[in-house]
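Here is the structure we will look at, set down as C-alpha cells.
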Amino acid sequence: MHIAITPHNASQSSKSGKSTTGSRLSSVRMFCTPIAIAVLAFSASTAMARNFRSADVHAKDFPTNMAMKYMGDELSKETSGKDNIKVFSDSALGSEKDTVEQVKIGALDMVRVNSSAFHGIVPESVIPALPFLFRDIEHFRKTIYGPQGDKILAAFEKAGFVGLAFYESGARSIYAHKPIRNLSDTKGLKIRVQPSDLMVGLVSAMGGSATPMPYAEVYTGLKTGLLDAAENNYPSYEEAKHYESAAVYSETFHVMTPEVVVFSKKIWDTLSKEEQAALRKSARASVPYYVTLWEAKEKEAKAAVVKGGAKIIPASEIDRKGFVEAEKPLWDKFANTPELKSLVQEIVNTK
Ligand code: GTR
157 MHIAITPHNA SQSSKSGKST TGSRLSSVRM FCTPIAIAVL AFSASTAMAR
207 NFRSADVHAK DFPTNMAMKY MGDELSKETS GKDNIKVFSD SALGSEKDTV
257 EQVKIGALDM VRVNSSAFHG IVPESVIPAL PFLFRDIEHF RKTIYGPQGD
307 KILAAFEKAG FVGLAFYESG ARSIYAHKPI RNLSDTKGLK IRVQPSDLMV
357 GLVSAMGGSA TPMPYAEVYT GLKTGLLDAA ENNYPSYEEA KHYESAAVYS
407 ETFHVMTPEV VVFSKKIWDT LSKEEQAALR KSARASVPYY VTLWEAKEKE
457 AKAAVVKGGA KIIPASEIDR KGFVEAEKPL WDKFANTPEL KSLVQEIVNT
507 K
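Quick note: the sequence shown uses our numbering, first residue 157, plus one each step.
This is the structure we're talking about:
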C-alpha cells in the first residue's frame, strides 16, 4: 500500500532536525495496521497546509493570473483555509517550456501556460491550435469548455500532468511593420512563433520564416530587427509592448490556441482525494471568472494599442480564403491518428 504523505513543499522540521514526515514514516512502519495507516494518512493530509506554486509568463494583473488568484481563494474556501496557490508571474521561473519541465518532474506544483507548450508532449493538445478550426468564439466555447475540451484535458495524464482547465485566449493575428492582407505579404518575413512544430508549420505554410522563441524575448527580437513580425492576441500585443516596433496589427485570426492550467501528476498523487476534488472544483469555478476578465481585457487592449499608435487592418480586409487553403494540410499532418481525426471531426460537427 502506498501512503502519500511527503509533499515536497510542505515538510516540517522537528527540533532534532529530523523531519516530522520522516518520523511519521517510521511510525507507519512500527504500527502498520490498516487502522493506524488510515489515522496517520488522515492526520498527515489534514495537518499540512500547502501553498501550491504556479508559474506564468504574464504580469500579476493579467487575466490568467487574476484567475489563478481566484482559483486559490476558492481552493482555500474548499479546504477550510488549508490550501492556496502562490503565483510566480512575469516569467520569473523561466519560459513556458522551462516551467512545464519543472511541473513534469514535480519541482513545481502547477502552471498556467498556453497549450502550445504541450504540442510536443500531448498530441491531443495540438487539436485546438489547428489553424482556422473554430468558426467563432461561441464554437470554441461549446467544444473546449465542453466534452471535447474534457477529452483533451484528460489526455494530459498520460504525459505526467493533470489537466485542470482551459481558458480562452481569443484569436492570434500577425503584426509587423507593414500590413498583412494575403500570402504575398507574409512571404519571406521572419515571424516569431511559440516553440511548437505546429506553429513553425503554420508560418512556413504562409511562406514565412518561423523563428521559435520564448515570450519574454520577443520584445527585444522585434526592437533589434532580428524579427520582422510576430503573432499574438491583442492583450499580449499590448502587455509586451510589441506594438512599439511592429505597429501594424492585421486581423488574420489564424488560431485560437487556448491557455491551460495543469498540475504535476507526481505531486497530485501525493494529495488526498478531497484535495484533488477541491483543486478540480476551484479550477472549474475560475473559468467563468476568467472569461469575464478576458472579454474586458481584449477590448481594453485593442483601444490601448490604437492609442499607442498601432494601426489595425480589420478581418474584412484579409484574404481569409487564401490563408485557410494554405493552412489546411496541417490538419492531416498533426491530427494524424484515427482518434485525433475523430476528435477534430467532433469539433467541426458541433453547431
Ligand atoms: C500568449 C499566451 C502566453 C504565451 C504567449 C506567447 O497569448 O497567453 O501564455 O504563450 O502568448 O506567445 O509566448
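Using N, Cα and C, we set each Cβ at its ideal position, and we do this for glycine too.
Taking 7 Å as the cut-off, one finds no heavy atom of ligand 1 near enough to the beta carbon of V443. Nearest neighbour of D292 by Cα position, chosen from L382, K455 and V411, turns out to be V411. Pairing V416 with V269 gives a Cβ-Cβ distance under 8 Å.
Comparing alpha carbon positions, the residue from V359, D353 and K379 closest to A403 is K379. Beta-bridge partners assigned by DSSP to V269: V416. Put simply, the stretch 342-350 touches the stretch 365-379. At least three CB pairs are less than 8 Å apart. Assigned with DSSP and collapsed to three states, D217 falls in coil, not helix or strand. Distance from the CA atom of A321 to the CA atom of Y226, rounded to whole angstroms, is 13 Å.
Cβ-Cβ distances below 8 Å link L499 to E280, I283, Q304, K307, I308 and A491 in the same chain, with the five nearest sequence neighbours on each side left out; the list follows chain order. In this structure T413 is not in contact with S247, their Cβ atoms being roughly 18 Å apart against a cut-off of 8 Å. DSSP places S281 within a helical segment (H, G or I) once states are collapsed to three. Remark: the shortest separation between the CB of Y405 and any heavy atom of ligand 1 does not fall under 7 Å. For the stretch 421-480, the continuous beta strand (DSSP E) assignments of 3+ residues that do not extend past its boundaries occur at 467-469, in sequence order.
In the three-state reduction of the DSSP assignment, T367 falls in the strand class, which pools E and B. Taking one beta carbon from each stretch, the stretch 251-271 and the stretch 205-216 have 3 or more pairs nearer than 8 Å; the two touch. With contact defined as three or more Cβ pairs closer than 8 Å, the stretch 446-458 and the stretch 474-482 are not in contact. Pairwise C-beta distances place the stretch 430-439 in contact with the stretch 226-235, as three or more of them are shorter than 8 Å.
For A460, same chain residues with a beta-carbon under 7 Å away, outside a window of 5 residues either side, are E394 in chain order. Here H333 is exposed. Its C-beta has fewer than 16 other C-beta atoms within 10 Å. By the neighbour-count criterion, in which a residue is buried when 16 or more other Cβ atoms sit within 10 angstroms of its Cβ, E483 is buried.
The beta carbon of T299 is closer than 6 Å to those of I503 and T506 in its chain, skipping five residues each way along the sequence. If you check the C-beta of Y375 against ligand 1, you find no heavy atom less than 7 Å away.
Contiguous alpha helix (DSSP H) elements confined to the stretch 313-345 occur at 339-342, taking only those with 4 or more residues.
Residues G326, N389, Y390 and P391 of the same chain have their beta carbon placed closer than 8 Å to that of E454, with the five preceding and five following residues left out of the count. Here the C-alpha atom of F244 lies approximately 12 Å from the C-alpha atom of D217. At a cut-off of 4 residues, the continuous stretches assigned as alpha helix (DSSP H) that sit fully inside the stretch 281-306 are 293-300.
For A205, the closest alpha carbon among the candidates H398, L486, D425 and I241 is that of I241.
In the three-state DSSP reduction, H275 falls in the coil class, being neither helix nor strand. The continuous beta strand (DSSP E) containing D239 extends over residues D239 to F244. Exposed is the label assigned to S472, since fewer than 16 other Cβ atoms lie within 10 Å of its Cβ. Judged by DSSP in its simplified three-state form, T408 adopts strand.
Cα atoms of T408 and R328: separation of roughly 7 Å, rounded to the nearest angstrom.
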